[in-house]
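Only one structure is covered here, and it is reproduced in the block below.
Okay, here's the thing in structure tokens:
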């Protein structure tokens, strides 16, 4: 039986949200201002503060946990979803997960949640033979299959899902996000979506808190400075990285 590599992002796959049905007026590429008044999606603790401390950018519906955790630390947040799963991805994968319920068991977890470490640590005896089925994002790098192939594994990669940038962003929401000292991102796709949205990255130099090393490396490659990330991906470490980024921002401005 072949081994199955299961990216954690697939397990939390949710259908994408629909675009607003109300008429919109285009201000610039990708940025829209609704004709009707729409309130920004800001955490309840931030109602007295027009500038949030952190922008959370995961797909809509997947930011609740980090928003609540940040609130426990007295940190205000603004939800600005930057990416969404394609509709076909959500439908197909939801059906697959329903049919596979109870059939998947975790046989191995790498010491660090990166593709490079997974490829180097996966035991050859984790399955009955050294073959691996690798469901992946269409946009994922070849790091895992190349690393495993060098070790003698037979790897079958299936591009089972993809992400796309959101089609429209409320202009008022974007202005608040640009003012926030920290941007939190959970994938390289979110980093690229942010840079495409703001269009002039050289004029934006705020802090970036990434969920893990892979996203942080992508952020640095794309030219972002002041990038923070935990050693181990996960909610707790991510929140600590956000707090570190906020502390760095506050320390910088304290002496100005």
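In this note's numbering, the protein residues as written are 109 to 364. Note that the Cβ used here is the ideal one computed from N, Cα and C, for glycine as well.
In angstroms, rounded to a whole number, what distance separates the CA positions of residue i and residue j?
i           : j           : result
residue 350 : residue 300 : 19 Å
residue 275 : residue 168 : 13 Å
residue 134 : residue 264 : Its pLDDT being 31, under 50, residue 134 is placed unreliably by the model, and nothing is read from it.
residue 142 : residue 178 : Reliability fails at residue 142, whose pLDDT of 36 lies under 50, so the model's placement of it is uncertain and no value is given.
residue 250 : residue 323 : 15 Å
residue 348 : residue 338 : 7 Å
residue 163 : residue 233 : 43 Å
residue 331 : residue 266 : 31 Å
residue 240 : residue 262 : 6 Å
residue 306 : residue 238 : 45 Å
residue 229 : residue 315 : 33 Å
residue 213 : residue 357 : 43 Å
residue 313 : residue 291 : 10 Å
residue 155 : residue 273 : Unreliable placement is indicated for residue 155, whose pLDDT of 41 sits below 50; the coordinate value is still reported in the next sentence. Near 28 Å, if we compare the C-alpha coordinates of residue 273 and residue 155.
residue 341 : residue 220 : 8 Å
residue 96  : residue 304 : The chain is shown only over 109 to 364; residue 96 falls outside these bounds and no answer can be derived.
residue 217 : residue 252 : 14 Å
residue 336 : residue 346 : 9 Å
residue 359 : residue 258 : 46 Å
residue 248 : residue 326 : 12 Å
Buried or exposed: residue i, going by 16 or more other Cβ atoms within 10 Å of its Cβ?
i           : result
residue 278 : buried
residue 165 : buried
residue 260 : exposed
residue 215 : exposed
residue 231 : exposed
residue 294 : buried
residue 320 : buried
residue 284 : buried
residue 226 : buried
residue 254 : exposed
residue 152 : Low local confidence applies: a pLDDT of 41 at residue 152 is under 50, so the model's placement there is unreliable, with the coordinate-based value given in what follows. It counts as exposed.
Contact check, residue i vs residue j under 8 Å by CB: the rounded distance?
i           : j           : result
residue 268 : residue 243 : 4 Å
residue 173 : residue 271 : Contact doesn't hold; Cβ gap of about 19 Å is too wide.
Between the options, which has its C-alpha nearest residue i's C-alpha?
i           : options               : result
residue 186 : 227, 171 and 220      : 171
residue 311 : 323, 265, 333 and 188 : 333
residue 184 : 356, 308, 288 and 313 : 288
residue 246 : 304, 297 and 190      : 297
residue 160 : 280, 328 and 253      : 280
residue 317 : 328, 309 and 308      : 328
residue 176 : 258, 360, 309 and 343 : 343
residue 188 : 335, 359 and 282      : 282
residue 256 : 286, 248 and 224      : 224
residue 308 : 286, 325 and 326      : 286
residue 181 : 248, 354 and 325      : 354
residue 190 : 302, 360, 326 and 325 : 302
For residue i, which beta-bridge partners are listed by DSSP?
i           : result
residue 292 : 164 and 317
residue 262 : 239
residue 187 : 164
residue 244 : 267
residue 273 : 191
residue 299 : In the DSSP output, where bridge partners are listed per residue, residue 299 has none listed.
residue 225 : For residue 225, which the question treats as bridged, DSSP gives no partner whatsoever.
residue 335 : 316
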